[in-house]
Amino acid sequence: SKPRYSRPQILDCSDGQEPCIHIVEGRHPCVDGTHSGGEFIPNDLTLGALGSNPDAASERVLLLSGPNMGGKSTLLRQTCMIAILAQVGCYVPATECSLTPVDRIFTRLG
Numbered sequence: 001s002k003p004r005y006s007r008p009q010i011l012d013c014s015d016g017q018e019p020c021i022h023i024v025e026g027r028h029p030c031v032d033g034t035h036s037g038g039e040f041i042p043n044d045l046t047l048g049a050l051g052s053n054p055d056a057a058s059e060r061v062l063l064l065s066g067p068n069m070g071g072k073s074t075l076l077r078q079t080c081m082i083a084i085l086a087q088v089g090c091y092v093p094a095t096e097c098s099l100t101p102v103d104r105i106f107t108r109l110g
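Residues 1 to 110 in full-length UniProt numbering are what the sequence shown spells out, letter by letter.
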């Protein structure tokens with residue numbers, strides 16, 4: 001079956017919204033389209049507080065660990081690509097996506 005893409009929701013920071021990104025069943029667009037070694041497992045990710053609920057979880061840092069070839073770099077690349085695609089007006093490879101605008105992305109992958 002074809003991967004599902006959805007229209008992301010860009011949240012307005014001027015309303016006092018804390019920076020956040022929320023992805024449900026996100027997939028890396030390149031890996032998902034070319035992966036032939038079995039099932040590609042989608043990833044959920046939430047960073048920052050969604051909405052104006054002060055009691056909501058507001059993690060702004062994520063420590064990602066796991067074994068070699070466990071998907072850590074793929075998750076990082078996937079999240080960055082979804083943020084970029086959303087901001088240029090594209091549909092994103094996720095069931096659901098909402099985020100505040102991102103003005104820079106820093107990464108170092110080795």
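Glycine included, C-beta positions come from ideal geometry on N, C-alpha and C.
The residue among S73, P101, L109, E25 with its C-alpha nearest the C-alpha of L85 is P101. In chain order, Y91, V92, P93 place their CB closer than 7 Å to the CB of Y5, counting only its own chain and leaving out the 5 sequence neighbours on each side.
I21 is positioned such that its CB atom lies closer than 8 Å to that of L45.
For D15, the secondary structure class from DSSP, reduced to helix, strand or coil, is helix. A Cβ-Cβ distance of about 4 Å is found for the pair Q78 and H28, placing them in contact under the 8 Å criterion. When secondary structure is reduced to three states using DSSP, S6 falls in the strand class.
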